[in-house]
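Here's the structure, in structure tokens; my notes come after.
Numbering (UniProt numbering), first residue to last: 1 to 216.
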């Protein structure tokens with residue numbers, strides 16, 4: 001399984017909790033890895049691999065493994081950026097002056113089992129800050145995608161409204177044209193009626209005159 005991680009060289013966080021690991025010998029080179037969760041496995045040795053392949057580690061969780069003595073974790077002193085180490089539920093924690101000796105062995109550490117050398121608990125921002133940072137990045141990306149999607153929808157709605165407005169304008173012009181055309185037809189009809197009445201009046205006027213001529 002570890003060998004398959006070669007395809008993920010850009011990883012910054014890796015969790016392999018309770019998967020039955022007995023060694024990290026097959027771990028791929030992950031130069032960008034910063035947080036590694038290996039808790040509740042059966043690792044008892046071979047941590048020098050981490051110093052060789054994960055040089056930028058800042059957080060390492062080995063709690064619940066088979067680590068019995070300080071010599072097992074000694075290779076970790078080569079991890080110059082290591083800030084937090086967890087060894088909860090490992091037999092090594094039962095040794096006399098365990099905490100004091102670990103801080104001497106690994107002077108780069110700020111927190112051991114979530115406490116500093118003065119027994120002050122690590123704030124959440126330090127213990128989980130890296131993971132929260134990743135979550136924030138993901139939320140920002142989701143927010144940007146949401147904004148883009150929203151903008152696309154709004155643009156489409158604006159376009160639909162513009163098209164609807166244009167259709168209304170065209171319909172209005174057609175209605176005005178039809179009304180004007182109908183009014184023109186009515187006016188023509190009225191003119192024809194007036195002309196007809198005038199012609200009839202002239203005809204009637206001529207008829208009496210014609211009768212007078214007949215009498216002569």
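The beta-carbon is built from N, C-alpha and C at its ideal position, and this holds for glycine as well. Computed from a predicted structure; not experimentally measured.
If I measure Cβ to Cβ from residue i and keep anything under 6 Å in the same chain, skipping five residues before and after, which residues do I get?
i, result
"residue 64", "39, 40 and 89"
"residue 15", "37"
"residue 58", "34, 81 and 83"
"residue 117", "103"
"residue 75", "47, 48 and 51"
"residue 122", "111 and 114"
"residue 17", "37, 39 and 40"
"residue 161", "none"
"residue 79", "51 and 57"
Smallest Cα separation from residue i: which of the options?
i, options, result
"residue 10", "45, 47, 56 and 18", "56"
"residue 25", "44, 35 and 12", "44"
"residue 113", "84, 16 and 92", "84"
"residue 62", "20, 160, 8 and 32", "20"
"residue 22", "31, 29, 53 and 67", "67"
"residue 101", "120, 69, 124 and 78", "69"
"residue 95", "78, 71 and 77", "71"
"residue 91", "163, 73, 120 and 107", "73"
"residue 77", "86, 87 and 109", "109"
"residue 87", "60, 105 and 107", "60"
Between which two residues does the beta strand (DSSP E) containing residue i stretch?
i, result
"residue 35", "35-37"
"residue 13", "13-15"
Please list the terminal residues of the continuous alpha helix (DSSP H) segment that includes residue i.
i, result
"residue 50", "48-53"
Residues in its own chain within less than 8 Å of residue i by CB, not counting five upstream and five downstream?
i, result
"residue 30", "5, 8, 9, 11, 14, 53 and 54"
"residue 120", "none"
"residue 126", "Because the pLDDT at residue 126 is just 49, under 50, the model does not fix this residue reliably, and the value given afterwards should be weighed accordingly. Hits under 8 Å: 83, 84, 110 and 111."
"residue 32", "9, 10, 11, 12 and 56"
"residue 42", "20, 21, 22, 65 and 66"
Tell me, which residues are paired with residue i by DSSP?
i, result
"residue 60", "36 and 85"
Excluding the five sequence neighbours on either side, which residues of its own chain have a C-beta within less than 7 Å of the C-beta of residue i, listed in chain order?
i, result
"residue 98", "92"
"residue 132", "Residue placement at residue 132 cannot be trusted, given a pLDDT of 49 that sits under 50; what the coordinates show is reported in the next sentence. Closer than 7 Å at Cβ, skipping near neighbours: no residue."
"residue 217", "There is simply no residue 217 to check, as the chain begins at 1 and stops at 216 in what is shown."
"residue 107", "none"
Check your understanding: Going along the chain, which unbroken runs of the beta strand (DSSP E) with 3 or more residues stay wholly within the stretch 72-123?
Key -> 84-86
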